[in-house]
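Trainee:
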Amino acid sequence: MNRLPFNLWFVLLVAILIAWAFSLTSGQQPVGQVAYTNFLNEVEAGRVAKILVDGRQLNVTPKDGGEPYLTFAPGPIDTTTIREWGEKKIVVEIAPPRRENPMLGFLIPLLLVGLLIGIFFFFSRNRSPSGDSAFSFTKSRARVLTEAPKTSFKDVAGCEEAKEELKEIVEFLKSPARFHEMGARIPKGVLLVGPPGSGKTHIARAVAGEAKVPFIAASGSDFVEMFVGVGAARVRDLFETAKRHAPCIIFIDEIDAVGRRRGGGVGGGNDEREQTLNQLLVELDGFEKESSIIVMAATNRPDVLDPALLRPGRFDRQIAIDAPDVRGREQILRIHAKGKPLAEDVDLALLAKRTPGFVGADLENLLNEAALLAARDGRKKITMKDLEEAADRVIMGPAKKSLVLSQKDREVTAYHEAGHALAAHFLEHADKVHKVTIVPRGRAMGFMMPSRQDTLHWSKKRLTDQIAVALAGRVAEELIFDDVTTGAENDFRQATDLARRMITEWGMHPEFGMVAYQVREDTYLGGYDTRQYSEDTARRIDEAVQKLLQEQHDKVLQLLSEKKEVLERVARTLLERETLNAEEFVRVVEGEPLESEPAAEPPKEEKEPPRVVPKVKPNLGGA
Ligand code: ADP
Ligand code: ZN
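Residue numbers (this note's numbering): 22 to 644.
The structure is reproduced here in C-alpha cells:
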C-alpha cells in the first residue's frame, strides 16, 4: 500500500517531532557541566579525584566529596594525557566502547513513540479477540466471533416470516456439503431491510447461532476512508478472514455507506467509494461454487443501493425486518424483561400498546431505563410507573423524534389504511388484502399490502379497480374527518401513473384508441419516456386522466359511505392491533370476533407466505 491514510501521516509527523525534541534534550547534560579549560585548571590544581572517560565526554569526580560534573574534550583523549593524569594520582576509568550510531539517539525515542501509537491503535480497534487486525490500516475492522453466537431464533421476538425464510440458510450452513451435492443454488447474499434498531443485527446473529457458525461483523462505514484503496483492501481482508472461518456468516451493517449508486456524485463521483464497492462486487462474485459463506447485509435504504449489488448471485434476496406491531412489542418486552424483577402491577401487554413506533432497541432501552429508575430509588422491583417514565425518556431521547406518533396521526392512518383495504376487499377485480398495518415503514405511516397475483397481464377492469383502491385511503379520510392529509401523496402518484399508462401505452381508453402515445424504455437505472403526441393531445390526455381518477374516486366514495360501519370497525381494530393479516381482516369485515387478545407467550406460528419487500409500484410492464 503506497498511500497511507491521512491520520497516519499526522501521527507520524507528531512522532518525528517528539523524537527530535528528545534527541535535542538528550544531547545536553543539564547538571554541572564545566568548560574544558576550567577542568584543566582543576587538574593542575590537583582537585580531581577520578575521571570516567567516555569518548569525548568526561565524568569528573572532584576530591573532598565535591559534586561530580561533566566536561567535553575537544578531541579524543590520548594515552599520553591519561598517563599524565595517572601521574597526578587521578583515577582514570575508560568506559567500554559503544558502537556509536548517530541515528540511535533519534531512533530509540522514535521506536518508543511508534510503539505507543501501536498500542493505542491496538486498543482503539475493536479489541478483536484474534488480535490480527491490529497495526494495519488495510485490515478490515470486522469483529470476528469464532465461537458461534449464543443468540438463537428464540431470542428474536416476532419477525416470523423473516425467520421462516432464514431457516433455509441455517440448514445450509449446518451442512453445506449436503446442499452442494444436490447442486442446489443457495443465495450468497441476503439483504435485511428495516429501520434502525428493528433487530437486523440481532436476527443475523441468531442465524449464526442457530447454525453454530462464526459470525463476522463489519459496518459499511468501516470501509469508507479518505484514501483510495484502503476501503477496497479492507473488503478483501474481510472476505479473506471469512474464508478462513467458513462456513460462516459475514454481516455488513449499513451497507448503504459503501453500496450507494455509483457515479451519482457531483464531479464524477467518489473514486475511493467506487473502488470499495467494486471490490465488494468482485468478492461476492468470487466465491467458488462450493464455498459456504453467507453474506448478510442490513440497510434502511434499499432504494439508494447500486443496482449492481442487487443482481442475481449477489444480494438477490431481500427480507423485511419491520418495526414490530403491538404483539411483537409485547414479545420483545417479555424477552428482555427476563431476569429483571417486575412488580405485581406491571402489565407488559398494556405497555406494548402504549409504545407505538418503538423498535426492539427502544424497548430494550426502555427496560434498562426503568431498571435504573428503580435502582436509583433503592427499590427491589420495577413498577409500572418506572416503565412509563422510562418510555417517556426514550421518546425524549435525542434521536427519537420519529417515535412521537400522535394519537391523531395514528387515527388518520388507521382510517386511511382501512379505506384501502376495504376497497380492495369489496371491489370485484382488485387484488385482495394480504396484510394491513399502521406500523410505520420508511416514510409510509402504514400500508396495505395486496396479495400477490400470478398473472402477467393486467386487465382493464383490474387496473381500474386498482386505481380505485389507491384512491380509497384519501376517500376514507374525507368521509371520517373534516379535513384531509398529505398521507395520500404516494397513492395519487400511483393512481395517476396507472391512469396515464392505460391511456397512452395500453390503449384502454375509447377516446384515444390503440395508439402508443408514449414509449417507455426500461434502462438499467430506471426508465425514460419518449412522448409522441401533440400539445393538444397532451391537454386531452390530462383531462382524461383527471376524469378517470374522479370517476374512481366517486365510485369508492359511494362504496365506503355504504360500508361506513365496517370502515369504523376495521379502523378501530387496527388502532388496537396495528396489524391484521388476511384472515383476521376478513373476520373483522364480517363482524366476527378475533381470538381474545394478542397471544404473546408462545409466539404464534404464522403460516403466511414468506414476504419480500414490495416494490413501490406494481410491475406492470410485464408483456
Ligand atoms: P438493527 O441492527 O436493526 O439496527 P439491532 O439488531 O442492533 O438493530 O437491535 C438492537 C437491540 O434491540 C438488539 O440488541 C436486541 O436486543 C433488541 N431487539 C431488536 N429487535 C428484537 C427482537 N425482534 N426481539 C428481541 N430483541 C430485539
Ligand atoms: Zn395510502
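Heads up, the beta-carbon is just placed ideally off N, CA and C, and yes, glycines get one too.
With the cut-off set at 8 Å, would you say Ala225 and Ile270 are in Cβ contact?
Mentor: Yes, Cβ-Cβ distance for Ala225 and Ile270 is below 8 Å.
Trainee: What number of angstroms, rounded off, separates the C-alpha of Pro89 from the C-alpha of Asp75?
Mentor: Each residue's alpha carbon lies about 15 Å from the other.
Trainee: Taking the C-alpha atoms as reference points, what is the distance between Glu589 and Phe606?
Mentor: Rounded to whole angstroms, Glu589 to Phe606 spans 13 Å at the Cα level.
Trainee: Taking a contact to mean a Cβ-Cβ separation below 8 Å, would you say Ser313 touches Pro268 in this structure?
Mentor: Yes, they are a contact pair.
Trainee: Any beta carbon from chain D within less than 8 Å of Asp557's own beta carbon?
Mentor: Within the model displayed, chain D is absent; a lone protein chain is all it includes.
Trainee: Just mark Tyr436 as buried or exposed, buried being the case when its beta carbon has 16 or more other beta carbons within 10 Å.
Mentor: Counting Cβ neighbours within 10 Å, Tyr436 comes out buried, since at least 16 surround it.
Trainee: Taking just the CA atoms, how far does Pro323 sit from Arg522?
Mentor: Their Cα atoms are separated by approximately 26 Å.
Trainee: State yes or no: is the C-beta of Asp512 nearer than 7 Å to some heavy atom of the ligand ZN?
Mentor: Yes.
Trainee: For Ile237 and Ala263, what's the separation of their Cα atoms in angstroms?
Mentor: Whole-angstrom Cα-Cα distance: 7 Å.
Trainee: Counting beta carbon pairs with one atom in the region 244-258 and one in the region 166-183, are three or more of them shorter than 8 Å?
Mentor: No, because fewer than three Cβ pairs between the region 166-183 and the region 244-258 fall closer than 8 Å, the two stretches do not touch.
Trainee: Give every residue of the same chain whose Cβ lies closer than 7 Å to the Cβ of Glu532, excluding the five residues on either side of it in the sequence, and list them in chain order.
Mentor: Closer than 7 Å at Cβ, skipping near neighbours: Ala565.
Trainee: List the whole-angstrom C-beta distance separating Gln573 from Ile501, where the pair is believed to meet the contact cut-off of C-beta under 8 Å.
Mentor: Gln573 to Ile501, Cβ: 19 Å. No contact.
Trainee: Among the residues of its own chain, which have a CB less than 7 Å from the CB of Asp277, if the five just before and after it don't count?
Mentor: Here the set comprises Gly241, Thr320, Arg322, Val325 and Leu326.
Trainee: Which whole-angstrom value is the C-beta distance of Ala439 and Ala592, which I expect to be below 8 Å?
Mentor: With a Cβ gap of about 4 Å, Ala439 and Ala592 count as contacting.
Trainee: Do Val279 and Val251 have their CB atoms nearer than 8 Å?
Mentor: No.
Trainee: Compare the Cα-Cα distances from Ala70 to each of Glu63, Lys84 and Arg561 and report the closest residue.
Mentor: Here the closest residue by C-alpha is Lys84.
Trainee: Using a Cβ-Cβ cut-off of 7 Å (strictly less than) and excluding sequence neighbours within five positions of Pro197, which residues of its own chain qualify?
Mentor: If we look at Pro197 and ignore the five residues flanking it on each side, its Cβ neighbours are Pro268 and Ser313.
Trainee: Is it buried or exposed, Ile524, if we count other Cβ atoms within 10 angstroms and call 16 or more buried?
Mentor: With 16 or more other Cβ atoms within 10 Å, it is buried.
Trainee: Does the ligand NAD have even one heavy atom less than 7 Å from the beta-carbon of Val214?
Mentor: This structure lacks the ligand NAD; its bound ligands are the ligand ADP and the ligand ZN.
Trainee: Is Pro83 helix, strand or coil by DSSP?
Mentor: Note: Pro83 maps to strand in three-state DSSP.
Trainee: May I ask you to check if the CB of Thr600 is nearer than 7 Å to at least one heavy atom of the ligand ADP?
Mentor: No, the Cβ of Thr600 stays beyond 7 Å of every heavy atom of the ligand ADP.
Trainee: Tell me whether Val211 counts as near the ligand ADP, meaning its Cβ is closer than 7 Å to at least one heavy atom of that ligand.
Mentor: Not under cutoff, so the answer is no.
Trainee: Flag this pair as yes or no: are the beta carbons of Val460 and Ala341 separated by less than 8 Å?
Mentor: Taking 8 Å as the Cβ cut-off, Val460 and Ala341 do not qualify as a contacting pair.
Trainee: Which of helix, strand or coil does DSSP assign to Glu114?
Mentor: In this structure, Glu114 counts as strand in the three-state DSSP scheme.
Trainee: Is the closest heavy atom of the ligand ZN to the C-beta of Ala435 under 7 Å?
Mentor: It does not: the Cβ of Ala435 is nowhere closer than 7 Å to a heavy atom of the ligand ZN.
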